[in-house]
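Report on the following structure.
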Amino acid sequence: MRKEIVINVGLGETRAGTLEDGRLMEIYVEREDAERIVGNIYKGRVENVLPGMQAAFVDIGLERNAFLYVDDAVAYKNVQRDLDEPLEHPKYKTIKDLLKPGQQIVVQVTKEPMGTKGARVITHASLPGRYLVLMPTVEYIGISRRIVDEAERARLKAVAKSVKPKGMGLIVRTVAEGVSEVELAADCRFLVGMWETIQEQAKRTGAPALLYKDHDLVYRLVRDMFSADVDKFVLDDLDEYRKTIDLLQTLAPHLKNHVFLYHGGPSIFDAYNIEQDLAAVMSRKVWLESGGYLVIDRTEALTSIDVNTGRFVGSTNLADTVLRTNLEAAAEIARQLRLRDLGGIIIIDFIDMDTVEDERRVIERLEEELRRDKTKNHVLGFTGLGLVEMTRKKARQELSDILHKTCPYCEGKGRLLSEHTVASRVRREVFRRVKQYDFQAILIEAHPSVAAVLIGPGGSNLRELEEVTRKTIYIRGRNDLHMEAVEYATGTRDEVAARALPVHEGQIVALEIAEQHASNPHDGIGRLEGYVIDIDGAGDKVGERHEVRITQVHRTYAKAKLVSTAPQ
């Protein structure tokens, strides 16, 4: 498999994509105005201890207090030994046995703030290096599960035991495979020195304070993902290219010949087709090569993925068509989870299969594809309802939360009221106002599509509403209004007319001819503040801007004539 890491450095934003055999598998976005805080270590102050939740809220200097769960505070005694009075008893019963309001503690962020929730923190910090991860508060040795050779695992475990400081733990990373004891010992010494610096700073600093900040995106990619199995590490920025070469000189000199500076015509993401993939990755519907498709929906509690055959009709029988679609979907689902960085509970509705053997093959394909995912995941299998349930660790904002914001129109619902529904709501509101207030006329301002329904063909709906209410009604379309928003103004006929009509007879205005009249192509249509102006003889001047003289004014439109046939 050919693996590439492609990095685009822009103004205020750095983006990186990982490709496997030319297909985009993961995307990372880091912006200057939204700094990543996962991995940062803070000295914080306990604000609240909540026994009912077995948790505490910790002020670490951010907008919202961080959340510390009791199980993430078990290493508190070790972390705190040089900062505050150490706990006398390692055993605990509740969060109140560990923490008290006002206490200062050192914590590390494991999850970014999401929505209304603050960051999640732990007290047993970890510091990642090139080959090792130091856990200064936990006595533990772990070997990456991606190292499968048993002899190598045994060697690395023995090396880790010999180089790790007493009372601390080490995790041996995948890239450590084949690395000498000398290099591993040097990496360990560097991390221990970093932890000692953090502790010294914690002693001198009052809470809340930042003690350690993780590196930028390019550095983390080099440290965490750039290994011998990556064929190309491509950047489009000369400064970042030079920094990467300098960093590799220290971390992994043998990888320097895998680093390339991009020189090309189109942007680097266009050249690798990443821009196109990125535009499609946020779509709710994902097409499969066979013609089937996935539908991906996110909710507060979980993500649901529905598999459909779509245009794929197969060539042998229904069971074969369903199995082939589900197998292809399983591979694409694993890719989409990585691309979108979806986390939490995930429910997959594969197409119903006839045999347990087919279900087993689909689960095996899903698990096989998910093994390439560095984020921890667990497939539970088919439930009694025939759905596949799985989980994936959620540590940072999902890609859609970084690239998108909640729609100000639908406010996250994903749907809007139809024009006819809003129009019916407006009619009911008019009836309510007629019963409650005394006025001669009313102005209704709404989105143009809603205004069109209220007016009706040839003004029929408006005439009917006036007959029933016995009021003079003006309706004006406004493009700046939300589809569901409506504004009302009442008063005397003269007051409302003065506000409702943007022009008067004899007035000369400059207008762009937007379109031909629907039933009279000889005339052109212009608009002023959503008010329609029918311009005599302007049907062949669409797209041009002309001065026109208003000849007649009506409640829903005005008539006009060209002052000059020469466009402005």
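Every position in the sequence shown, counted from 1, becomes a number in the working numbering once 37 is added. The beta carbon of each residue, even a glycine, is placed where N, CA and C say it ideally should be.
Subject >> Cutoff 6 Å; reference ALA356; Cβ partners in own chain excluding five residues on either side >> reply: For this step, residue 356 is matched to residue 319 along the sequence shown. Around ALA356: ASP391.
**OP:** Please state whether DSSP places ARG564 in a helix, a strand or coil.
**Re:** Indexing the sequence shown from 1 puts residue 564 at position 527. In the three-state DSSP reduction, ARG564 falls in the strand class (E or B).
**OP:** Give a yes or no on whether the C-beta atoms belonging to LEU105 and VAL144 are separated by under 8 Å.
**Re:** In the sequence shown, counting from the first residue as 1, residue 105 sits at position 68. In the sequence shown, counting from the first residue as 1, residue 144 sits at position 107. Taking 8 Å as the Cβ cut-off, LEU105 and VAL144 qualify as a contacting pair.
Subject >> Integer-rounded CB distance, given that HIS295 should sit under 8 Å from ASP268 >> reply: Within the sequence shown, the letter at position 231 stands for residue 268. Within the sequence shown, the letter at position 258 stands for residue 295. Going by Cβ atoms, the distance from ASP268 to HIS295 rounds to 7 Å, so yes, they are a contact pair.
**OP:** Just the C-alpha distance for VAL490 and ARG515, rounded to the nearest angstrom, thanks.
**Re:** Residue mapping note: residue 490 aligns to position 453 of the sequence shown, counting from 1. Residue mapping note: residue 515 aligns to position 478 of the sequence shown, counting from 1. As the crow flies, the alpha-carbon of VAL490 is around 14 Å from that of ARG515.
**OP:** Tell whether a beta-carbon distance below 8 Å holds between GLU678 and GLU189.
**Re:** Outside the displayed range of the chain (38 to 605) lies residue 678, so it cannot be described from this structure.
Original post:
For TYR474 versus ARG513, is the C-beta spacing smaller than 8 Å?
Top reply: Against the sequence shown, residue 474 aligns to sequence position 437. Against the sequence shown, residue 513 aligns to sequence position 476. ARG513 is positioned such that its CB atom lies no closer than 8 Å to that of TYR474.
Original post:
Under the three-state reduction of DSSP, which class applies to ALA575: helix, strand or coil?
Top reply: Position 538 of the sequence shown, counting from 1, holds the residue named residue 575. Three-state result, ALA575: coil.
Subject >> ARG321, DSSP secondary structure in three states >> reply: On the sequence shown, position 284 is the one that residue 321 refers to. It is coil, neither helix nor strand.
Original post:
From PRO445 to LEU436, what distance separates their C-alpha atoms?
Top reply: For the purposes of this step, residue 445 is taken as the residue at position 408 of the sequence shown. For the purposes of this step, residue 436 is taken as the residue at position 399 of the sequence shown. Taking the straight line joining both Cα atoms gives about 19 Å.
**OP:** Could you check which residue in GLY89, LEU275, LEU169 has the C-alpha nearest to that of PHE227?
**Re:** Taking the sequence shown and counting its residues from 1, one reaches residue 227 at position 190. Relative to the Cα of PHE227, the nearest Cα in the group GLY89, LEU275, LEU169 belongs to LEU169.
Subject >> Among LEU284, ILE97, SER181, the one whose alpha carbon lies nearest that of GLY155 >> reply: The count along the sequence shown starts at 1 and reaches residue 155 at position 118. Ranking LEU284, ILE97, SER181 by Cα distance to GLY155 puts ILE97 first.
**OP:** Helix, strand or coil for GLN477, going by three-state DSSP, please let me know.
**Re:** In the sequence shown, counting from the first residue as 1, residue 477 sits at position 440. In the three-state DSSP reduction, GLN477 falls in the coil class, being neither helix nor strand.
**OP:** Give every residue of the same chain whose Cβ lies closer than 7 Å to the Cβ of GLY496, excluding the five residues on either side of it in the sequence, and list them in chain order.
**Re:** Here residue 496 refers to the residue found at position 459 of the sequence shown. Closer than 7 Å at Cβ, skipping near neighbours: THR593.
**OP:** Determine the DSSP secondary structure at ALA195, reduced to helix, strand or coil.
**Re:** Here residue 195 corresponds to residue number 158 of the sequence shown, with the count starting at 1. Of the three classes helix, strand and coil, the one that applies to ALA195 here is helix, per DSSP.
Subject >> Touch test, the stretch 46–54 against the stretch 62–69, Cβ-Cβ under 8 Å, three pairs minimum >> reply: Short answer: they touch.
Original post:
Roughly how many angstroms lie between the CA atoms of GLU532 and ILE481, to the nearest whole one?
Top reply: Residue numbering aside, residue 532 sits at position 495 when the sequence shown is read from its first letter. Residue numbering aside, residue 481 sits at position 444 when the sequence shown is read from its first letter. Using only the alpha carbons, I get a separation of about 14 Å.
**OP:** Return the bridge partner residues of ASP96 from the DSSP annotation.
**Re:** Reading the sequence shown from its first residue, position 59 is the one you call residue 96. In DSSP, ASP96 forms a bridge with ARG82.
**OP:** Could you tell me if ASN85 is buried or exposed, where buried requires 16 or more neighbouring beta carbons within 10 angstroms of its beta carbon?
**Re:** Against the sequence shown, residue 85 aligns to sequence position 48. By the 10 Å Cβ count, ASN85 comes out exposed.
Original post:
How about ILE333 and ARG321: do their beta carbons lie closer than 8 Å?
Top reply: Working through the sequence shown from its first residue, we reach residue 333 at position 296. Working through the sequence shown from its first residue, we reach residue 321 at position 284. Closer than 8 Å, so yes.
Original post:
What is the residue span of the alpha helix (DSSP H) that SER341 lies within?
Top reply: For the purposes of this step, residue 341 is identified with residue 304 of the sequence shown, where counting begins at 1. No alpha helix (DSSP H) holds SER341; the beta strand (DSSP E) holding it covers 339–345.
Original post:
Can you tell me the Cα-Cα spacing of PRO604 and THR529, whole angstroms?
Top reply: As a working note, residue 604 is residue 567 in the sequence shown. As a working note, residue 529 is residue 492 in the sequence shown. Whole-angstrom Cα-Cα distance: 39 Å.
Original post:
How big is the Cα-Cα spacing for ILE385 and ASP58?
Top reply: Position 348 of the sequence shown holds residue 385. Position 21 of the sequence shown holds residue 58. Their backbone Cα atoms lie some 26 Å apart in a straight line.
**OP:** Please name the residue or residues paired with GLY381 in a DSSP beta bridge.
**Re:** By one-based count along the sequence shown, residue 381 stands at place 344. Answer is ARG429.
Subject >> Reference LEU275, options VAL212, GLY47, GLY230, closest by Cα >> reply: On the sequence shown, position 238 is the one that residue 275 refers to. Per the Cα distances, GLY47.
**OP:** Tell me whether TYR106 sits in a helix, a strand or coil according to DSSP, three-state version.
**Re:** To locate residue 106, count along the sequence shown from 1; it is residue 69. Looking at TYR106 - three-state DSSP - the assignment turns out to be strand.
Original post:
Where does the unbroken alpha helix (DSSP H) through VAL600 begin, and where does it stop?
Top reply: In the sequence shown, residue 600 corresponds to position 563, counting from 1. It is not in any alpha helix (DSSP H) - VAL600 carries neither H nor E in the DSSP assignment.
Original post:
Is the CB-CB distance between ALA526 and ARG536 below 8 Å?
Top reply: Residue 526 sits at position 489 when you count from the first residue of the sequence shown. Residue 536 sits at position 499 when you count from the first residue of the sequence shown. It is a contact, given that the beta carbons lie within the stated cut-off.
Original post:
If you draw a straight line from the alpha carbon of LYS250 to that of PRO303, how long is it in whole angstroms?
Top reply: Along the sequence shown, read from residue 1 onward, the residue named residue 250 stands at position 213. Along the sequence shown, read from residue 1 onward, the residue named residue 303 stands at position 266. A direct Cα-Cα distance of roughly 35 Å separates LYS250 from PRO303.
Original post:
Does the Cβ-Cβ distance between MET231 and LEU164 come in under 8 Å?
Top reply: Walking along the sequence shown from the start, residue 231 turns up at place 194. Walking along the sequence shown from the start, residue 164 turns up at place 127. Against a cut-off of 8 Å, the Cβ pair of LEU164 and MET231 comes out as a contact.
Subject >> Limits of the alpha helix (DSSP H) - the one that ARG241 falls within >> reply: Numbered from its first residue, the sequence shown carries residue 241 at position 204. Segment 218–241, the alpha helix (DSSP H) holding ARG241.
Subject >> Proximal residues to PRO173 (C-beta, below 6 Å), its chain only, five neighbours per side dropped >> reply: The residue given as residue 173 occupies position 136 in the sequence shown. MET205, TRP232.
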